[in-house]
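Just add 157 to wherever you are in the sequence shown, counting from 1, and you've got my numbering.
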Amino acid sequence: MKFVVTDTYEQLSDKAAALILAQVQNKPRSLFVLPTGATPLGLFRRLVEAGKAGHADFSAAVFAVLDEYAGIATSDRRSLCGWLRRELLDPLAISDDRILTFTPHGEPQVEAERMEHALAQNGGIDVAVLGLGPNGHLGFNEPGSAFDSGCRLVSLTPESIRSNAAYWGSEADVPRTGFTLGLGTLLAARDFVLMVSGAHKADILARTINGPASVDLPATIVHLHPNAIVLADRAARPSKAQL
Ligand code: GLP
């Protein structure tokens, strides 16, 4: 695992963008997995700018959405795919046939198999970009998720429901289940980038970096992936005492 700390969030976003831009230049038909949340917004801004300025060509790239709430309408504006479309995919004019996503109200087993199959059909994941959940989750892989888990429907933990309540109005409104790419699915990505920003992530980042790999903390798969990079800004950097 490579651990890179930048001074600022802007520099963190620059570094992540440089990785993605180099990848799409080397392999235009790359398959990217992207997360939602606040952390990747600076990265997305840079990718949109690069695409619009003609500095990057995403016209052959394929994008998979890391996770999705279950049981909501596809058109629900709180759908994670809808969010990713607004922030990145629509501004980059990525066509539907190059977006791999779960159908929120689809039959769970069918959806899980369809997504695994779609990832394989597109040559496997080139770069998986992840955010760090407050309880160490990756996507909707909550603590306890097996390291060899595949795409599947999962129950959200009370902590994740709480942390997503702001987007839904109240905790009661947050869907109780969601689809996610599995930890095994993510481990198979050729490159793995975990982005972490902000002082509120310092504790969970310290536990992630310290390891060892444990299913109690899904993000510790960074110790198992042969090509993992953890990108953090200074605010998220654990103190010496924590490491
Ligand atoms: C959510 C998402 C994850 C995301 C995480 C961190 O639970 N399902 O994909 O990475 O939160 O979000 P943020 O970047 O806003 O801290």
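Backbone N, C-alpha and C fix where the C-beta goes; we use that ideal spot for every residue, glycine too.
Given the structure is predicted, the values throughout are model-derived calculations rather than measurements.
Query - For L388 and H357, the rounded distance between their alpha carbons - result: The count along the sequence shown starts at 1 and reaches residue 357 at position 200. The count along the sequence shown starts at 1 and reaches residue 388 at position 231. When rounded, the distance between both Cα atoms is 15 Å.
Query raised in the report: When you compare only the Cα positions, how much space is there between G425 and H262?
Result: In the structure as shown, the chain begins at 158 and stops at 400. Residue 425 is therefore absent and cannot be evaluated.
Query raised in the report: Taking DSSP as the reference, what is the three-state secondary structure of S312?
Result: Counted from its first residue, the sequence shown places residue 312 at position 155. DSSP places S312 in strand when its eight states are reduced to three.
Requested in this report: Using 7 Å as the cut-off, classify the Cβ of A329 as near or not near the heavy atoms of the ligand GLP, replying yes or no.
Outcome: The residue you call residue 329 lines up with position 172 of the sequence shown. Checking the Cβ of A329 against the ligand GLP gives no.
Query raised in the report: Is N321 near the ligand GLP, going by C-beta to nearest heavy atom under 7 Å?
Result: Here residue 321 refers to the residue found at position 164 of the sequence shown. True, at least one ligand heavy atom lies under 7 Å from that Cβ.
Query raised in the report: Using a Cβ-Cβ cut-off of 8 Å (strictly less than) and excluding sequence neighbours within five positions of V161, which residues of its own chain qualify?
Result: On the sequence shown, position 4 is the one that residue 161 refers to. Same-chain partners within the cutoff: K172, I386, V387, L388, A389.
Requested in this report: Measure the C-alpha to C-alpha separation of L200 and P265 and round it to an integer number of angstroms.
Outcome: Here the question's residue 200 lines up with position 43 in the sequence shown. Here the question's residue 265 lines up with position 108 in the sequence shown. Using only the alpha carbons, I get a separation of about 31 Å.
Query raised in the report: What are the boundary residues of the beta strand (DSSP E) that includes K159?
Result: The residue labelled residue 159 in the question sits at position 2 within the sequence shown. Segment 159 to 163, the beta strand (DSSP E) holding K159.
Query raised in the report: CA-CA distance, A393 and E299?
Result: Residue 393 sits at position 236 when you count from the first residue of the sequence shown. Residue 299 sits at position 142 when you count from the first residue of the sequence shown. Straight-line Cα distance between these residues: approximately 21 Å.
Report task. Please determine, among L295, Q180, H274, the residue with the shortest C-alpha to C-alpha distance to T196. Result -> On the sequence shown, residue 196 is found 39 positions in, with the first residue counted as 1. Comparing Cα positions, the closest option is L295.
Query raised in the report: Any idea what DSSP makes of E206, helix, strand or coil?
Result: The residue you call residue 206 lines up with position 49 of the sequence shown. In the structure shown, E206 sits in a helix (DSSP, three-state: H, G or I).
Query - Close Cβ partners of G281 (< 8 Å) along its chain, the five nearest in sequence each way excluded - result: Indexing the sequence shown from 1 puts residue 281 at position 124. Excluding residues within five positions, the ones whose Cβ falls inside 8 Å are L188, A345, A346, R347.
Requested in this report: Please confirm whether any heavy atom of the ligand GLP lies closer than 7 Å to the CB of P265.
Outcome: Looking up residue 265 in the sequence shown gives position 108. Outside the cutoff, so no.
Query raised in the report: Are the Cβ atoms of L241 and L191 separated by less than 8 Å?
Result: Locating residue 241 in the sequence shown gives position 84, counting from the first residue. Locating residue 191 in the sequence shown gives position 34, counting from the first residue. Yes, the Cβ-Cβ distance between L241 and L191 is below 8 Å.
Query - For G239, the three-state DSSP class (helix, strand or coil) - result: As a first step, residue 239 is located in the sequence shown; it is residue number 82 there, counting from the start. Helix, per DSSP.
Query raised in the report: Is D224 helix, strand or coil when you go by DSSP?
Result: Here residue 224 refers to the residue found at position 67 when the sequence shown is read from its first residue. Looking at D224 - three-state DSSP - the assignment turns out to be strand.
Query raised in the report: Considering only residues of the same chain and omitting the five flanking positions on each side of T334, which have a CB-CB separation below 7 Å?
Result: Looking up residue 334 in the sequence shown gives position 177. Here the set comprises A227, G228, L310, V311, S312, L313.
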